[in-house]
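With this note's numbering as the guide, the letters of the sequence shown map in order to residues 37 to 287.
Each residue gets a CB set at the ideal place from its N, CA and C atoms; glycine is no exception.
Since we're looking at a predicted model, the values are computed, not measured.
Input: a single structure, listed below in structure tokens.
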Amino acid sequence: MIFLKSVYLDQEKNISIREAKKIAKKLYKANKKEEIAIALSNRVREDRNLLEKLEEYKLRILNGRWILKFLIYDILESALISKNKKIEVQNVAILIDGVEDVLFPQLLHIAENVRSLKIVTDQINKYSYLENICQEYGIALQITNNKSKSLLRSDIIINFDFDEEKIGKYKINPQAIIINIQTKIETNRSDFQGNIINDYSIKYDQEKYQGYFHQDNFDENILYESYIYRKDTFANIYKKIKEDNVKVIMA
Numbered sequence: 037m038i039f040l041k042s043v044y045l046d047q048e049k050n051i052s053i054r055e056a057k058k059i060a061k062k063l064y065k066a067n068k069k070e071e072i073a074i075a076l077s078n079r080v081r082e083d084r085n086l087l088e089k090l091e092e093y094k095l096r097i098l099n100g101r102w103i104l105k106f107l108i109y110d111i112l113e114s115a116l117i118s119k120n121k122k123i124e125v126q127n128v129a130i131l132i133d134g135v136e137d138v139l140f141p142q143l144l145h146i147a148e149n150v151r152s153l154k155i156v157t158d159q160i161n162k163y164s165y166l167e168n169i170c171q172e173y174g175i176a177l178q179i180t181n182n183k184s185k186s187l188l189r190s191d192i193i194i195n196f197d198f199d200e201e202k203i204g205k206y207k208i209n210p211q212a213i214i215i216n217i218q219t220k221i222e223t224n225r226s227d228f229q230g231n232i233i234n235d236y237s238i239k240y241d242q243e244k245y246q247g248y249f250h251q252d253n254f255d256e257n258i259l260y261e262s263y264i265y266r267k268d269t270f271a272n273i274y275k276k277i278k279e280d281n282v283k284v285i286m287a
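Below is the structure:
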């Protein structure tokens, strides 16, 4: 387990290019001594000068979406509740190319509770072993990259890391619910009449963090992420999330 120090940036006035470079350089030096994660206030997140310099120095900026990777089932369940749909009759597809260790422990739980589960990926050889694991548990899981058929009957599409161009190469159920995890994706498909979910709010036990830095002008997701952000196993982080009574709310 490696905890990262969280740094909070807030400023009322606009930041000049010179000031932005000075701030980014200072944080870069701090990061060399001790890994840090940066939480930006709502105002600072709109400041292009500072954002560009922080990105130039390749500093880790929290965006409130890291936490979502640990809450795939919770997000799926919340999305279905908001649409008055039952999870056990849903055909679910997960779009992913990168190898994400946090996804693997969640797959069995998802597969056990839905009608069918597919992993749609270009990296079939990296995920094929999961089919054998699921078979041992009597759970059906399909690994595929069929652009014509794989998403045509999917009720729920959980997009982990496909971009808009890549999704555009697949035929999609026009009534599907698309849940985007890492980035916000829209679609210009004229035949698509389903729902795209890009934003999520989380609620948690804030009393546990009263001794931490907290201000109203910081996004709640980013604040919570700053409290628990660390390099650790899925099991440990998810345990912490549950201890904090985290709930996903559809935005």
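Less than 8 Å separating the beta-carbons of residue i and residue j?
i    : j    : result
A73  : Y265 : yes
L139 : I132 : yes
A176 : S190 : no
N253 : I238 : no
I103 : E261 : yes
I203 : F228 : no
D255 : N78  : yes
Q155 : I179 : The sequence shown places Ile at residue 155, rather than the Gln named in the question. Yes, they are a contact pair.
A66  : K89  : no
I169 : E200 : no
I192 : Q246 : no
For residue i, which three-state DSSP category applies?
i    : result
V128 : strand
Y44  : strand
D78  : Here the sequence assigns Asn to residue 78, which means Asp is not the residue at that position. Coil at N78, not helix or strand.
L187 : strand
Q178 : strand
A73  : strand
N85  : helix
N224 : coil
I117 : helix
N50  : coil
N231 : strand
N67  : helix
So the candidates are the options; which of them puts its Cα closest to the Cα of residue i?
i    : options                   : result
I53  : R84, I117 and L188        : R84
L187 : G134, L153, Y173 and E167 : L153
E243 : Y206, D227, I208 and V282 : V282
K183 : N257, I192, T157 and S226 : T157
G134 : D252, N127 and K162       : K162
A129 : T269, I169, K278 and D197 : D197
Y336 : I155, N181, K105 and I192 : Missing from the structure shown is residue 336; the chain here goes from 37 to 287 and no further.
L45  : L259, M286, I208 and N272 : L259
I194 : S114, K41 and N120        : S114
Q171 : E48, A66, E222 and E148   : E148
I285 : Y240, N272, E279 and Y245 : Y240
S42  : N99, L87 and K89          : N99
V150 : I160, K121 and D137       : K121
P210 : D199, T223 and A60        : T223
F270 : K105, K185, A60 and Q47   : K105
Y64  : E91, I123 and Y165        : E91
R81  : I51, K58 and K62          : I51
K276 : S118, L107, I160 and I123 : L107
Going by the DSSP bridge assignment, what does residue i pair with across the sheet?
i    : result
V282 : In DSSP, V282 forms no bridge with anything.
S152 : N127
I108 : Looking at the DSSP assignment, I108 forms no beta bridge with any residue, so it has no partner.
Y236 : M286
I193 : A129 and I214
I208 : L187
I203 : None, per the DSSP bridge assignment.
I97  : I74
Check the Cβ-Cβ distances between residue i and every residue of chain D, and say whether any is below 8 Å.
i    : result
I132 : Among the protein chains of the structure shown there is no chain D, as only one such chain exists.
Exercise. Is the segment 203 to 217 touching the segment 227 to 246, taking contact as three or more C-beta pairs under 8 Å?
Worked result: yes
Exercise. Is the number of C-beta pairs between the segment 94 to 103 and the segment 54 to 73 that are closer than 8 Å three or more?
Worked result: yes
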